[in-house]
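Below: the structure, in structure tokens.
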Amino acid sequence: MRPIGNVMLPIERARQLKNVASARRSRIIDVVERLIADAIAAGEIPDETPGWTVQVRKAGEVTFLTDDGAVGFPRLHASDARRLADDLEAVATGEKKGRSAGPLLGRRLLMARRGQGLILAMQDDAGAEIGRRTITPSIARDLARQLRNAADAA
1 MRPIGNVMLP
11 IERARQLKNV
21 ASARRSRIID
31 VVERLIADAI
41 AAGEIPDETP
51 GWTVQVRKAG
61 EVTFLTDDGA
71 VGFPRLHASD
81 ARRLADDLEA
91 VATGEKKGRS
101 AGPLLGRRLL
111 MARRGQGLIL
121 AMQDDAGAEI
131 GRRTITPSIA
141 RDLARQLRNA
151 ADAA
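Residue numbers (the numbering used here): 1 to 154.
What follows is the structure, encoded as structure tokens:
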């Protein structure tokens, strides 16, 4: 499931945004994601991904979890968080078609590239799906960076 949001723009700006994307030989989402990445790098907005909690839980542990708790791990050792970050990035860049993390705490995270996006599917010990998210490669790279930063701080 990929929750989506709509942004209302005057038609003139929407056309200009489409023209920017065309001039850059990219998609509108790529232009928007570059804008967000630049704002994070400049410190204009926090390095957070809405809908996800990626933070130090306690010394040596990291939380990586969607806000509804359906995808991710409530507790990861810092070394597992770094490994998960590497796997997310490998799938996001296309270096790997799929990876899995776990089992940890009775959960396994499957990551796979599908079309322009990534599917993150959470399974329980029996292999039943308990949650799913579709994200863009850019969001996967953001989450990987945030995981590494949290692991370094843990």
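Just so it is clear, CB atoms sit at the ideal spot from N, CA and C, and this is done for glycine as well. Please read these numbers as outputs of a predicted model, since none were measured by experiment.
**Asked** Can you name the start and end residues of the beta strand (DSSP E) that A101 belongs to?
**Response** G98 to L104
**Message:** Using only the alpha-carbon positions, how far apart do A153 and T53 sit?
**Reply:** 15 Å
**Request:** Kindly provide the ranges of any beta strand (DSSP E) runs that are 3 or more residues long and lie completely inside the stretch 101-140, ordered along the chain.
**Result:** 107-114, 117-124 and 129-135
**Asked** Which stretch, first to last residue, makes up the alpha helix (DSSP H) that contains R83?
**Response** A78 to T93
**Message:** Assuming A101 and D87 are in contact, meaning their beta carbons sit under 8 Å apart, how far apart are those beta carbons, in whole angstroms?
**Reply:** 6 Å
**Asked** Is M122 closer than 7 Å to R107 when the C-beta atoms are compared?
**Response** yes
**Asked** Using the rule of at least 16 other Cβ atoms within 10 Å of the residue's Cβ for burial, across every protein chain shown, is R133 buried or exposed?
**Response** buried
**Among L105, T63 and T136, nearest to D125 - alpha-carbon criterion** = L105
**Asked** Which residues in the same chain have their Cβ closer than 6 Å to the Cβ of K97, if we skip the five residues on either side of it in sequence?
**Response** R113
**Item:** Beta-carbon contacts of I36 that lie in its chain and below 6 Å, excluding the five residues immediately before and after
**Value:** none
**Request:** Express the C-alpha separation of N6 and A151 in angstroms, rounding to a whole number.
**Result:** 33 Å
**Request:** Check whether the Cβ atoms of I40 and D30 sit closer than 7 Å, and answer yes or no.
**Result:** no
**Request:** Leaving out five residues on either side along the sequence, give the residues of the same chain with a beta carbon under 6 Å from the beta carbon of S138.
**Result:** E33
**Request:** Kindly indicate which three-state DSSP category E44 falls into: helix, strand or coil?
**Result:** coil
**Message:** DSSP three-state label for R57, please.
**Reply:** strand
**Request:** Using a threshold of 7 Å, state whether the C-beta atoms of T136 and G115 are closer than that.
**Result:** no
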